[in-house]
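Take a look at the structure set out below.
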Amino acid sequence: MPEIIIRSFAKFRELFGGTNSITVPPETTVSGTLLAFAKTRSASMDELFSGAELKTNIILMYNRERIDAEDAKTIIPADGDEIVIYPPVSGG
Amino acid sequence: MPEIIIRSFAKFRELFGGTNSITVPPETTVSGTLLAFAKTRSASMDELFSGAELKTNIILMYNRERIDAEDAKTIIPADGDEIVIYPPVSGG
Amino acid sequence: MVLALQKEDIDISALIKNSRSTKDGAQVVFIGCVRDDGNMDALEIEAFVPVAEKDLRDISAEAIEKFGLTSVDIIHRYGRLELGETIVVILVGAGHRSEAYEGSRYIIERLKEKVPIWKQELSGNARGEWVH
Amino acid sequence: MVLALQKEDIDISALIKNSRSTKDGAQVVFIGCVRDDGNMDALEIEAFVPVAEKDLRDISAEAIEKFGLTSVDIIHRYGRLELGETIVVILVGAGHRSEAYEGSRYIIERLKEKVPIWKQELSGNARGEWVH
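If you read the sequences in order, they're chains Y, F, E and G.
The C-terminal position of the first sequence is numbered 92 in the working numbering, with every residue numbered one higher than the one before it.
The C-terminal position of the second sequence is numbered 184 in the working numbering, with every residue numbered one higher than the one before it.
The C-terminal position of the third sequence is numbered 316 in the working numbering, with every residue numbered one higher than the one before it.
The C-terminal position of the fourth sequence is numbered 448 in the working numbering, with every residue numbered one higher than the one before it.
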């Protein structure tokens, strides 16, 4: 079963830790991987999902490329791939 | 008869010299003083006047305060007063 | 052209000197600083550095293309910054001032909407709000 | 707050350091430079210094009033300046970036329309056009 790395920044890092990994069944999408991850922590469920839908203010990267919530429902990460999640940015 | 100082900058300084003085009859306005000054030099007549009217792109100061062409027709400088004339500015 | 994230303070006069060319009629420098809003005594700045640096390169290329800039430098700091310290410096050069102002403004707005950098208020030893 | 005309080059980093306060979220520095337009190899800048300095004080007060700036510094050089040299530096501080950008732009536009300073192109030993 593929093991996927989940990296979190800022508020998400404080809540979930900076780097996690989760093992999911084959053919699990990015969205499904994050849902499986969220179920492992009570804090993350409410922060990341509204019901079964990823919250729209979460920024997602798959292997260092930005993806949107629709992409997250179709992309199937492979073993060792990385998903990055972060809240809206505030530099400058 | 009052002696009026006329200071010129930039292109006008090159044409007329930086500081001049001119003696005019009592009760001569700023505009009249400049007309008398212009008549002393062929270059200055065309640069400063269209007919008897001061050109609109000339900036005027009377004793270090900006005045407009209308003011120039009413203000009567006293002996030792200063009129400054300059072309449009271009700093920055 | 310096496009970087760093912990150290930023040498603004070296940037100005190194990026100036005789093609420049104007340079505009934007400096973001830690403002005392009364709720904190420092900021902790977190960045996803490799992605942020790639984003700065992309934003710089966009701004050069869009405004015909002659140069762009962007340096953003991370780590703990005290009140009054420099957070970010954006320096652009252009033939004329309009492009320089507009290019500078474009870069800071794109940076704030896109680049993975976050600010958290610190008060004494306590970690406070994430600033948006 | 430095509002001055001078022949000497301008120490921009000293200005930035001296004007910064913890009320500032942003500083914007506008630098005007001698651009090589292909027709000249230097500029001669002439100023009516006492009036220009009074105008800079007036413009600074207007900008502070209009945009709530925390500080304004304006230094304009005069005399002979070579290609690539600094002509003018305008530094403004503000709580937020919008006011800083808008205040800075306001000041340079007012300076260009009002303050008695003129530029003449020099080419070798020849005096050329007055620039507008």
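A virtual CB, placed ideally from N, CA and C, is assigned to each residue, including glycine.
Chain-order list of residues whose beta-carbon lies under 6 Å from that of residue i (same chain, five-residue window excluded)
{"i": "L359(G)", "result": "V350, L397 and K435"}
{"i": "V408(G)", "result": "V344, L385, V388, A416, G419 and S420"}
{"i": "E401(G)", "result": "V350"}
{"i": "R99(F)", "result": "T111 and V176"}
{"i": "A144(F)", "result": "none"}
{"i": "F49(Y)", "result": "A38"}
{"i": "R158(F)", "result": "none"}
{"i": "K258(E)", "result": "Contrary to the premise, residue 258(E) reads as Ile rather than Lys in this sequence. Only L187, L240 and I274 meet the Cβ criterion."}
{"i": "F346(G)", "result": "I406, S420 and I424"}
{"i": "Y290(E)", "result": "A247"}
{"i": "S182(F)", "result": "none"}
Status (buried if at least 16 other CB within 10 Å, exposed otherwise) for residue i
{"i": "M185(E)", "result": "exposed"}
{"i": "S173(E)", "result": "As shown, chain E starts at 185 and ends at 316. That puts residue 173(E) outside it, with no answer to give."}
{"i": "S136(F)", "result": "buried"}
{"i": "H280(E)", "result": "exposed"}
{"i": "A247(E)", "result": "buried"}
{"i": "P383(E)", "result": "Only positions 185 to 316 of chain E appear in the structure, and residue 383(E) is not among them; the question remains open."}
{"i": "K184(F)", "result": "For the sequence presented, residue 184(F) should be read as Gly rather than Lys. Result: buried."}
{"i": "G17(Y)", "result": "exposed"}
When the options are compared against residue i, the one with the closest alpha-carbon
{"i": "T166(F)", "options": "I175(F), M137(F), D138(F) and V122(F)", "result": "V122(F)"}
{"i": "D352(G)", "options": "G222(E), M224(E), D221(E) and A210(E)", "result": "A210(E)"}
{"i": "F12(Y)", "options": "I200(E), G222(E) and F232(E)", "result": "F232(E)"}
{"i": "A320(G)", "options": "E429(G), L399(G), E445(G) and S376(G)", "result": "S376(G)"}
{"i": "E237(E)", "options": "G216(E), G263(E) and L295(E)", "result": "L295(E)"}
{"i": "M93(F)", "options": "I150(F), L146(F), R158(F) and G172(F)", "result": "G172(F)"}
{"i": "P88(Y)", "options": "W314(E), L306(E) and G216(E)", "result": "W314(E)"}
{"i": "V405(G)", "options": "Q190(E), I200(E), G263(E) and D195(E)", "result": "I200(E)"}
{"i": "H448(G)", "options": "I433(G), S439(G) and G440(G)", "result": "I433(G)"}
{"i": "L399(G)", "options": "I391(G), Y422(G), I390(G) and E437(G)", "result": "E437(G)"}
{"i": "L146(F)", "options": "R156(F), F108(F), A164(F) and T132(F)", "result": "A164(F)"}
7 Å Cβ shell around residue i - same chain, five flanking residues per side excluded
{"i": "T33(Y)", "result": "I4, I22, V24, P77 and I83"}
{"i": "R241(E)", "result": "L187"}
{"i": "D239(E)", "result": "K298 and V299"}
{"i": "K323(G)", "result": "R393, Y394 and G395"}
{"i": "G348(G)", "result": "I403 and V404"}
Cβ-Cβ distance between residue i and residue j below 9 Å
{"i": "A128(F)", "j": "E139(F)", "result": "no"}
{"i": "I229(E)", "j": "I271(E)", "result": "yes"}
{"i": "Y62(Y)", "j": "F9(Y)", "result": "no"}
{"i": "D340(G)", "j": "G440(G)", "result": "no"}
{"i": "G444(G)", "j": "N334(G)", "result": "no"}
Neighbourhood of residue i by C-beta distance below 8 Å, restricted to the same chain and skipping five residues each side
{"i": "D160(F)", "result": "L152"}
{"i": "S205(E)", "result": "T254, S255 and G277"}
{"i": "E106(F)", "result": "none"}
{"i": "E119(F)", "result": "I168"}
{"i": "N149(F)", "result": "P179 and P180"}
{"i": "D193(E)", "result": "R261, E269 and T270"}
{"i": "R156(F)", "result": "E174 and V176"}
{"i": "D195(E)", "result": "none"}
{"i": "T132(F)", "result": "I114"}
Closer than 8 Å: residue i CB and nearest the ligand PLP heavy atom
{"i": "D81(Y)", "result": "The ligand PLP is absent from the structure shown, which contains no ligands of any kind."}
Does the count of Cβ pairs from the region 379 to 393 of chain G and the region 411 to 419 of chain G closer than 8 Å reach three?
yes
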